[in-house]
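What follows is a set of notes on a single structure, which appears directly below.
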Amino acid sequence: MDTNIDNYNNNEIISLLKVRNDQSLTVDILADKIDRTIQKVKQADIDDNPELVKFFQDCFVRISLMKGFEITEIHRNTLALAPLPIVPDNIVVPGRDDNMKIVEPKIYAGNLTQPQPTAQSVSAYARPYARGTVNPVERETIKYLLTINSKFRPEYKPYNCNIEVEQQETFPSQGDLIRDKTFCRNSPAIVKRVVELEACSKSTNRGYKNTETDFIVELQESLSNVVSIKLAGLEMMNGYYSISEYLGTNVFRITTYQFDETMPPIDGGNIGNVSEHTISISQGSYSVVELMETINCVFLASSHIELNAVELKYDCISGKFHFVLRTEDENGDPIVPPAGMAFGFQLDFRHPLYPYRSLFYNLGWMMGYRESIYTMTGSYISCPSTTCLLGIGGEAPVNLIGTHYFLVEVDDFNNNNPVVLNYNCDTEFSFNIRNILGKVPNAAHTNEVLFEDSSDRIFKSRKYFGPVKINKLKIRILDENGRQINLNNSDFTINIEVETLNTPYKNMIR
């Protein structure tokens, strides 16, 4: 019989002992079974009795460890198991001074894992790139930060050194001056003129080529062997206005009229004093109360009494707007129609210049109105309820934030990477979805600094299929609809973490 317990697995040992491998098996049952087996072995006339006894003792220890049984001293004495090693609590080491002794705990054999020689150690870390035989530790990848500030973007209308200063539309930038010195060295007259312009205070009066949210920056030094880039950070003064003429979200139309009370307009009643008003408000970032007061001031400032009778109210419980007819102005003066007549109005939230564009672009959508036109006869609620507000109410709560997040587009002109952000934006604004590097929440109020430092642990990284070379970058900031945003001349700084190979790709040893 093979008495080497290492040649048996746990199931084979349990089958050999003829015990049940379930919850009914206890340490006492196992010890009794082993004890009776050992007694039979000792009574038998077999040459290898000591080896069989040692084998069954090891079986008891093996199954007890597998089942988590506690081996008591009674079990050890019954089965004649080897005693536990006695380890002294402390070991005394002589110190420098005879009166001082260092007491350290003694570590017995088997307490700690024996260290493996360094020469035989094998790293379990999966390296993303191939290693070579020369400088295997140093020849990895290098990461550094590329910071781009929109304030230092290229300036518009490059200075022409062949045109007199008085005829220049703009004054040259510092880069234009350096460029002219380099390209016009053989023309002393031009070089002299450039030197004189450097001392001119008007040379700083210049503008920018593109907007702050759409520009191309050419790198002073090309980035070679780039394997990935990541949006590491973004600091931006939030100059985004959700209500602005640029977005077309500052205007809607309202038509007011008078009709005969005895014959409502739906029954063909007489309608008079029909006037169409275009309500335009100043661009900016409004709160709900500020927008309501601004629109009501426009209504009351009109010379038409029909428009004076319209009022915008806000229900703080449901968070919705509703247009109603008022009976008096803010001074308490009555606003009443002529005898036998009543006021009526109709809302049109379509943009006057772009009536066929999607409704979610318009001011009405932000105010909670999901239809384009609301009439007095079909939409006005005269008897409010728990679900319907008085007047013409919106279907959704007010949301004046505008875009909930910004899309950062970085075009490196390589087209050698998979899609980073798969965004189902289906609008008429076309933009290269492959170039979106990250999504930044619009979590800061207007005129506050917006930070993005990957605190959400969602790293906006672009990994290339192979090492690429980057000479220039096109930066754009888009809203949730894919439109370029307007920061109103506020600048931002974008931090891009660039990862490059330390050794040229073609020189790699594989």
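The numbering used here puts the last residue of the sequence shown at 515; the count rises by one with no breaks. All C-beta atoms, glycine included, are put in the ideal place defined by N, C-alpha and C.
Top-ranked residue by Cα proximity to residue i, from the options
i: K325; options: M297, L312 and L352; result: M297
i: L426; options: V473, M372 and G487; result: G487
i: R355; options: N255, T382, E333 and L412; result: N255
i: A344; options: F157, T267 and A449; result: T267
i: R258; options: Q62, S377 and S387; result: S377
i: A578; options: D40, L70, S69 and N54; result: The displayed coordinates of the chain run from 6 to 515. Any statement about residue 578 would go beyond what the structure contains.
i: I3; options: P360, A314 and A347; result: There is no way to answer for residue 3, as the model of the chain reaches only from 6 to 515.
i: D15; options: N507, L70 and L368; result: According to the sequence displayed, residue 15 carries Asn and not Asp. With distances taken between Cα atoms, N15 lies closest to L70.
i: V329; options: I475, G337, D338 and N301; result: N301
i: M346; options: F365, T83, F61 and N275; result: N275
i: S390; options: S460, N54 and S323; result: S323
i: E17; options: A49, F61, Q28 and S459; result: F61
i: I482; options: F220, K38, N54 and T8; result: F220
i: F65; options: I76, S466 and P55; result: I76
i: M6; options: Q28, A36 and D52; result: D52
i: D458; options: K235, M371 and D27; result: K235
i: N455; options: I441, K47 and S495; result: In the sequence as presented, Asn is not what sits at residue 455; that position holds Leu. Comparing Cα positions, the closest option is S495.
i: Y291; options: M371, Y385 and N491; result: M371
i: N507; options: F304, L228 and Q48; result: L228
i: T224; options: Y385, K72 and F418; result: For the sequence presented, residue 224 should be read as Leu rather than Thr. Comparing Cα positions, the closest option is F418.
Under the three-state DSSP convention, the category residue i falls into
i: D219; result: strand
i: N210; result: For N210, the pLDDT reaches just 43, beneath the cut-off of 50, and the residue's location in the model is therefore unreliable, leaving the point undetermined.
i: M346; result: strand
i: R467; result: strand
i: H282; result: strand
i: V329; result: strand
i: Q48; result: helix
i: P163; result: In this prediction, P163 has a pLDDT of 46, which is less than 50 and means its spatial position is unreliable; what the coordinates show is noted afterwards. Note: P163 maps to coil in three-state DSSP.
i: E226; result: strand
i: S460; result: coil
i: S384; result: helix
i: G324; result: coil
i: I499; result: strand
i: S20; result: helix
i: A27; result: Reading the sequence as shown, one finds Asp at residue 27 and not Ala. Three-state DSSP puts D27 in coil, outside helix and strand.
i: N336; result: coil
i: D7; result: coil
i: N15; result: helix
i: T505; result: strand
i: R481; result: strand
i: A36; result: helix
i: I406; result: coil
i: I248; result: strand
i: I43; result: helix
Residue i and residue j closer than 8 Å at C-beta
i: R81; j: I10; result: no
i: N243; j: E502; result: no
i: Y379; j: L352; result: yes
i: Y251; j: G349; result: no
i: S308; j: H282; result: no
i: T152; j: N500; result: yes
i: Y149; j: N493; result: no
i: P472; j: V293; result: no
i: V539; j: K474; result: Limits of the chain in this structure are 6 at one end and 515 at the other, which puts residue 539 out of reach.
i: N230; j: T505; result: yes
i: F74; j: V24; result: no
i: V58; j: I34; result: no
i: L358; j: I248; result: no
i: V279; j: T260; result: yes
i: K479; j: D416; result: yes
i: Y366; j: G253; result: yes
i: I441; j: T218; result: no
Boundaries (first-last residue) of the alpha helix (DSSP H) holding residue i
i: T299; result: V293 to L305
i: E75; result: Note, E75: premise wrong, no alpha helix (DSSP H); not H, not E.
i: T311; result: Going by the sequence as given, residue 311 is Glu instead of Thr. Counting along the chain, the alpha helix (DSSP H) containing E311 begins and ends at I310 to N313.
i: L369; result: One detail in the question is off: residue 369 reads as Gly in this sequence, not Leu. From DSSP, the alpha helix (DSSP H) with G369 extends over L368 to M371.
Where the beta strand (DSSP E) containing residue i begins and where it ends
i: K59; result: Run containing K59: none in the beta strand (DSSP E); it sits in the alpha helix (DSSP H), N54 to K72.
i: L151; result: T146 to N154
i: G443; result: I441 to P446
i: I259; result: V256 to D265
i: E414; result: Y410 to D416
Chain C contact for residue i (CB, 8 Å cutoff)
i: T505; result: In summary, chain C is missing from the structure at hand, where a single protein chain is found.
>> Taking 8 Å as the cut-off, does the region 383-401 touch the region 442-451 (at least 3 CB pairs, one atom from each stretch)?
In response: Contact fails: fewer than three Cβ-Cβ distances are below 8 Å.
> Taking three-plus beta-carbon pairs below 8 Å as touching, is the region 239-248 in contact with the region 416-425?
Replying inline: Short answer: they don't touch.
>> Below 8 Å, how does it come out for the region 327-342 and the region 404-415: are there three or more Cβ pairs, yes or no?
In response: No, the region 327-342 is not in contact with the region 404-415.
> On the three-pair Cβ rule with 8 Å, is the region 379-399 touching the region 305-325?
Replying inline: At 8 Å Cβ cutoff, the stretches touch.
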